[in-house]
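Scroll down for the structure; my scribbles are underneath it.
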Amino acid sequence: MPQRSSENVKAVSDDLFTATANLFFAFIRCDCFLKFVYAGKRRGGGQTCLTDKRVLINPKGKPMNFQDYIRYDAVGLAELIRKKEVSADEVLQAALNRLDEVNPKLNLLAHDLRERAAAWQGSSENADTPLAGVPFLLKDLLADWEGAPTWSGSRMMQHYIAKQNSDLTQAYLDAGLRVFGKTTTPEWGAYPVTETEIYGITRNPWHLDYTAGGSSGGAAAAVASGVVPAAHGSDGGGSIRLPAHNCGVFGLKPTRGRSSYAPNASEAWQGLVCDHVLTRSVRDSAVLLDIAAQTQERALYTCPPPPENGFADSLKQETGRLKIAFWKQTWFGGGNDEGTEAAFAHSLKLMQDAGHELEEATPDFAPPEQLNRAARVIVMGETAKLFYQYQYETGQKLPHRLLEPTTWAMIVQGRQISAGEMAWARDVMLAQERAAKAFFTRYDVLMTPVCPRTTPKIGELMPPPAAQKAMRLLFGTLRLGFLLKNNPFLEKEAAAALQYVGYTSPLNMSGNPAMSVPLYRHNGLPVGTQFAAAHGREDTLLRLAAQLEQIQPWAEIPQLA
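Residue numbers (full-length UniProt numbering): 1 to 561.
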């Protein structure tokens, strides 16, 4: 690129900044954890199949009826297989039939790996495991499966094939789960909607005009639509709980350190991210948490051990009368919409009717502006790490066109962050852990909305195409990244954007277990309620969720509309 004089650069930048101010206002409204932008809408269905979809797992046998298939959760299906009332092939074929029916509408699958599932030989060595033979999906992020792609929602990773299993994937395979694909995720899991350039748009099974959420949007859509009873997800700012809220399924984020990211990583996003699953039933989540906890010894962070006989066994215990603190003001500022208020009032009454003690209270978290900035510093700094990893591994600079415009803008901002501010942001994160520990010496459970608003429509949280093009031009082609540095306009819009995750992401900072429970509907769409507990007390949350599951069952498969 030719050299530019400082006077010319200033003139160009002033004109461009003035001309694009309104576009910035639009695209910064994104609800993503990075609080300022979201892009990447790809027209069409996305690249969702690497194999022949016509492969039949059990061509000579009678496939399991879908209505029979959805009557059972993962534990129930495994029991049928164990008793030889149905074969594992028949169960998988039912899942594949449902996938082929709904995926053209929902676009939930990143990679179709049914041929690998057809080669599954798990009947002898893992027949006694609680989930042997059950169909399962991995999220296309973090969960490496040897020989399978992990694109992480990005063209940057489009040719990556995993060389080994992650610890968590290995635990799932050892448990006998039959993995047949990987679900969609936004680029690098950074956004609360799954609308990407590489996969396309993932839609909500309850209403196709609405988002399935993110970043575990494909997983939530798969569980909600009945493709699988459980699917792997990850959560760095609400990415299990928000899609569970959007799609009406159960989503639990475990305690920080409950499972391992080895051998390829020690942590994700400075410890903000935790992996687990989205499920229709509470007991499936408990069983899968026992499986995940088998990797805990290799985790970077210290986490209290599981109950003596495991999380699933702890469901046999009585819930008891819990002291529940409730709070309905987001820790990042802003108010709740009408549907959120109605859902929370309904959930409060359920808690009262169940006999629990309720008191309005909140942890002594940092002020919104500090939480806001610390969260952005961590996520943008971690995103900028991609630039340096690529440079050190290839000896070349990362081309901006390998990433969506918003992700590239995050990299630009992340490279402007000082080491000192990154250290400060991590200190802020750990301070929230101390505040939460003090809080949970007085309360068993904290209850909040999952999100200050009900599910948004497709594209509502995205920048318009003109803004995406402007970002690509400004920060990629023209390299005018200084427009992003210490910009008060962008800072203000980033603070507003972060309000979308104002109930979920502080609990990633504190590291506490938290769950989204689908207890309400507003205008035909599910609305979740969030419950959190002390470090290591997923058992308390699971027992409470099981109680609510009995009081108000939620395992319903929607008619796609």
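C-beta atoms are modelled at their ideal positions from N, C-alpha and C, and glycine is treated no differently.
1) What do you get for residue 378, buried or exposed, if any count of 16 or more other CB atoms within 10 angstroms of its CB means buried?
2) Pick helix, strand or coil for residue 440, following the three-state DSSP scheme.
3) Let me confirm a value: residue 418 is counted as buried when at least 16 other C-beta atoms fall within 10 Å, else exposed. Which label applies?
4) Would you check if the stretch 464-479 and the stretch 199-207 touch, i.e. whether three or more CB-CB distances between them fall below 8 Å?
5) Within the stretch 492-556, note down every full alpha helix (DSSP H) run reaching 4 residues or more, in order along the chain.
6) So, is residue 15 buried or exposed, given that buried needs 16 or more other C-beta atoms within 10 angstroms?
7) Give the DSSP-derived three-state secondary structure of residue 111 in the structure shown.
8) Find the nearest neighbour of residue 459 within the set 197, 253, 533, judged by alpha-carbon distance.
9) Looking only at DSSP bridge pairs, what is residue 204 linked to?
10) Given a threshold of 16 other Cβ atoms within 10 Å of its Cβ, counted over all protein chains shown, does residue 172 qualify as buried or as exposed?
11) Could you give the DSSP three-state label for residue 356: helix, strand or coil?
12) What's the call for residue 261, buried or exposed, on a 16-neighbour Cβ count within 10 Å?
13) Sorted by chain position, which residues of the same chain lie with C-beta nearer than 7 Å to residue 373's C-beta, five sequence neighbours on each side aside?
14) With DSSP as the reference, identify every bridge partner of residue 225, one or two as the case may be.
15) Could you say which of 452, 250, 136, 322 lies nearest to residue 533 if we only look at CA atoms?
16) According to the neighbour-count rule (16 or more other Cβ atoms, all chains shown, within 10 Å of its Cβ), is residue 220 buried or exposed?
17) Suppose the cutoff is 7 Å on Cβ atoms and the five residues either side in sequence are ignored; what does the same chain contact list for residue 249 look like?
18) By the three-class DSSP mapping on this structure, what secondary structure does residue 104 have?
19) Looking at residue 442 and the ligand FAD, is the gap between the Cβ and the nearest heavy atom below 7 Å?
20) In whole angstroms, what separates the C-alpha of residue 90 from that of residue 63?
21) Determine, using beta-carbon pairs with one atom in the stretch 521-537 and one in the stretch 237-257, whether at least three such pairs fall under 8 Å.
22) If you run the structure through DSSP and keep just helix, strand and coil, what is residue 308?
23) Could you compute how far the alpha carbon of residue 124 sits from the alpha carbon of residue 551?
24) Look at residue 324 and residue 450 and say whether their C-beta atoms are less than 8 Å apart.
25) Would you decide whether residue 343 is buried or exposed? Buried here means 16 or more other CB atoms lie within 10 Å of its CB.
26) Check the DSSP bridge columns for residue 195 and list the partner residues they point to.
27) Thinking C-alpha only, which one of 230, 485, 515 is nearest residue 95?
28) Can at least three beta-carbon pairs, one atom from the stretch 396-411 and one from the stretch 345-359, be found at a separation below 8 Å?
29) So, for residue 310: in the same chain, excluding its five sequence neighbours on each side, which residues have a beta-carbon less than 6 Å away from its beta-carbon?
30) Excluding five sequence neighbours on each side, which residues of the same chain lie with their C-beta closer than 7 Å to the C-beta of residue 129?
31) From 347, 553, 110, pick the residue whose C-alpha is nearest to that of residue 186; which is it?
32) On the three-state DSSP scale, how would you describe residue 176?
33) Classify residue 296 as buried or exposed, calling it buried when 16 or more other Cβ atoms lie within 10 Å of its own Cβ.
34) For residue 437 and residue 366, what's the separation of their Cα atoms in angstroms?
35) Quick check on the DSSP output: what are the complete beta strand (DSSP E) runs of length 3 or more inside the stretch 284-332, in order along the chain?
36) Of all Cβ atoms in chain C, is any one closer than 8 Å to the Cβ of residue 250?
Put simply:
1) Walking along the sequence shown from the start, residue 378 turns up at place 378. The residue is buried, with at least 16 neighbouring Cβ atoms inside 10 Å.
2) Position 440 of the sequence shown, counting from 1, holds the residue named residue 440. Note: residue 440 maps to coil in three-state DSSP.
3) Taking the sequence shown and counting its residues from 1, the one referred to as residue 418 is at position 418. Under this definition residue 418 is an exposed residue.
4) no
5) 505-510, 538-551
6) Working through the sequence shown from its first residue, we reach residue 15 at position 15. Since pLDDT at residue 15 reaches only 42, below the 50 mark, its modelled position is unreliable, and the value read off the structure follows with that caveat. Here residue 15 is exposed, its C-beta having fewer than 16 other C-beta atoms within 10 Å.
7) Stepping through the sequence shown from its first residue, residue 111 is reached at position 111. Three-state DSSP puts residue 111 in a strand.
8) Start at 1 with the first residue of the sequence shown, and residue 459 comes out as number 459. Of the candidates 197, 253, 533, the one whose C-alpha sits nearest the C-alpha of residue 459 is 197.
9) Within the sequence shown, the letter at position 204 stands for residue 204. DSSP, once it has assigned bridges, lists 207 as partnering residue 204.
10) By 1-based counting over the sequence shown, the position of residue 172 is 172. With 16 or more other Cβ atoms within 10 Å, it is buried.
11) Numbered from its first residue, the sequence shown carries residue 356 at position 356. Residue 356: coil per DSSP, three-state reduction.
12) For this step, residue 261 is matched to residue 261 along the sequence shown. When all chains shown are included, residue 261 counts as buried.
13) Position 373 of the sequence shown, counted from the start, is the residue given in the question as residue 373. Closer than 7 Å at the Cβ level, and outside the excluded window around residue 373, lies no residue.
14) Counting from 1 along the sequence shown, the entry for residue 225 is found at position 225. Residue 225 pairs with nothing; no bridge assigned.
15) Numbered from its first residue, the sequence shown carries residue 533 at position 533. Residue 533 has its Cα closest to that of 322, out of 452, 250, 136, 322.
16) Position 220 of the sequence shown, counting from 1, holds the residue named residue 220. Flag for residue 220 reads buried.
17) Numbered from 1 along the sequence shown, position 249 holds the residue referred to as residue 249. The residues are 220, 223, 224, 278, 279, 280, 518.
18) Residue numbering aside, residue 104 sits at position 104 when the sequence shown is read from its first letter. In the structure shown, residue 104 sits in a helix (DSSP, three-state: H, G or I).
19) This structure does not include the ligand FAD; it has no bound ligands of any sort.
20) As a first step, residue 90 must be located in the sequence shown, where it is residue number 90. As a first step, residue 63 must be located in the sequence shown, where it is residue number 63. If you take the alpha carbons of residue 90 and residue 63, they lie about 5 Å apart.
21) yes
22) One-based indexing of the sequence shown puts residue 308 at position 308. Reduced to three states, the DSSP call for residue 308 is coil.
23) Along the sequence shown, read from residue 1 onward, the residue named residue 124 stands at position 124. Along the sequence shown, read from residue 1 onward, the residue named residue 551 stands at position 551. Caution applies to residue 124, whose pLDDT of 42 falls short of 50 and renders its modelled position unreliable; the value that the coordinates give is listed next. If I take the Cα positions, the gap works out to 39 Å.
24) Start at 1 with the first residue of the sequence shown, and residue 324 comes out as number 324. Start at 1 with the first residue of the sequence shown, and residue 450 comes out as number 450. Taking 8 Å as the Cβ cut-off, residue 324 and residue 450 do not qualify as a contacting pair.
25) Within the sequence shown, the letter at position 343 stands for residue 343. Buried, because 16 or more other Cβ atoms sit within 10 Å of the Cβ of residue 343.
26) Here the question's residue 195 lines up with position 195 in the sequence shown. According to DSSP, residue 195 bridges with 201.
27) Within the sequence shown, the letter at position 95 stands for residue 95. Answer by Cα proximity: 230.
28) Not touching, per the Cβ criterion.
29) By one-based count along the sequence shown, residue 310 stands at place 310. Once the five neighbours on either side are set aside, the close Cβ partners of residue 310 are 290.
30) Here the question's residue 129 lines up with position 129 in the sequence shown. Counting only Cβ-Cβ distances below 7 Å, and skipping sequence neighbours, we find 175, 176.
31) On the sequence shown, position 186 is the one that residue 186 refers to. Nearest C-alpha to residue 186: 110.
32) In the sequence shown, residue 176 corresponds to position 176, counting from 1. Residue state, collapsed to three classes: coil.
33) Taking the first residue of the sequence shown as position 1, residue 296 is located at position 296. Burial call: buried.
34) Here residue 437 corresponds to residue number 437 of the sequence shown, with the count starting at 1. Here residue 366 corresponds to residue number 366 of the sequence shown, with the count starting at 1. Straight-line Cα distance between these residues: approximately 14 Å.
35) 323-326
36) Checking the listed chains, one finds no chain C in this structure; it contains a single protein chain.
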